[in-house]
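Scroll down for the structure; my scribbles are underneath it.
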Amino acid sequence: MNHPLEKFVYCPQCGSPRFVIHNGLSRHCEECGLTYYANPRAATAALIINSHDELLVVRRKKEPAKGTFDLPGGFADMEESAEEGVAREVREETGLRVTACQYLFSLPNIYLYSGLEIHTLDLFFRCTVADGTHVEAMDDVAESLWLPIDKINPEEFGLRSIRQGVIRWLEERAKTKT
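All the letters of the sequence shown, read from the start, carry residue numbers 7 to 184 under the numbering used here.
The following block contains the structure:
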């Protein structure tokens with residue numbers, strides 16, 4: 007794998023070209039002394055189940071993984087908690103209002119965006135919505151649908167961490183049902 011900051015050759019503070027790889031996670035400016043770390047971006051994913059034991063899934067409208075299944079969610083904004091971020095993303099993508107969310111687990115991911123590999127830490131939440139009967143496909147979502155849990159095929163989820171998260175969630179769910 008390439009260094010996460012390989013495409014960044016000038017110091018973001020002083021503009022010096024003496025912005026050299028410092029270690030596996032950072033670059034250091036030999037001019038002004040800045041050490042810049044490549045930390046993962048926080049992203050969220052919502053697991054929303056209705057009363058018919060169906061999971062809300064969305065179909066991606068854009069690359070990466072255009073046309074494949076995904077979970078509602080996305081990047082957390084600055085000055086926003088992960089819980090606020092997942093609620094905002096669910097509203098933006100589906101029109102649904104999150105009334106409660108519970109953190110489940112996280113998975114690392116690499117998200118290809120504009121030719122850059124963006125390292126993310128995907129935070130999975132079980133979310134409850136006020137009313138799931140009026141789901142829309144909005145923002146970067148081509149389609150929203152309720153999928154019976156027993157019909158879920160994780161291979162239909164195009165993003166690696168989302169696919170892994172769905173597999174993990176299904177396995178944990180099966181353990182609690184037995």
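Where a beta carbon is used, it is the ideal one built from N, C-alpha and C, also for glycine.
Reduced DSSP category for residue i - H, G, I as helix; E, B as strand; rest coil
i	result
D156	helix
L108	According to the sequence displayed, residue 108 carries Gln and not Leu. Of the three classes helix, strand and coil, the one that applies to Q108 here is strand, per DSSP.
L176	helix
A44	coil
S188	As displayed, the chain neither begins before 7 nor continues past 184, which places residue 188 out of reach and without an answer.
T139	coil
R166	helix
T74	coil
Residue span of the beta strand (DSSP E) that contains residue i, given as start and end
i	result
T50	R47 to I54
V26	F25 to N29
S32	S32 to C35
R66	E60 to R66
G79	G79 to F81
Counted within 10 angstroms of its Cβ, other Cβ atoms place residue i as buried (16 or more) or exposed
i	result
P18	exposed
V26	exposed
N29	exposed
P10	buried
G39	exposed
A189	Residue 189 is absent from the structure shown; the chain starts at 7 and stops at 184.
G91	buried
V15	exposed
C-alpha gap between residue i and residue j, whole angstroms
i	j	result
Q108	L53	10 Å
I173	S22	46 Å
P160	N115	16 Å
Y42	C20	12 Å
L110	G121	30 Å
M144	L151	12 Å
E60	A44	38 Å
D76	S32	31 Å
E86	G138	24 Å
M84	F131	19 Å
Residue interval of the alpha helix (DSSP H) (run including residue i)
i	result
V96	A88 to T100
Residues bridged to residue i (per DSSP)
i	result
P114	L127
Y119	L122
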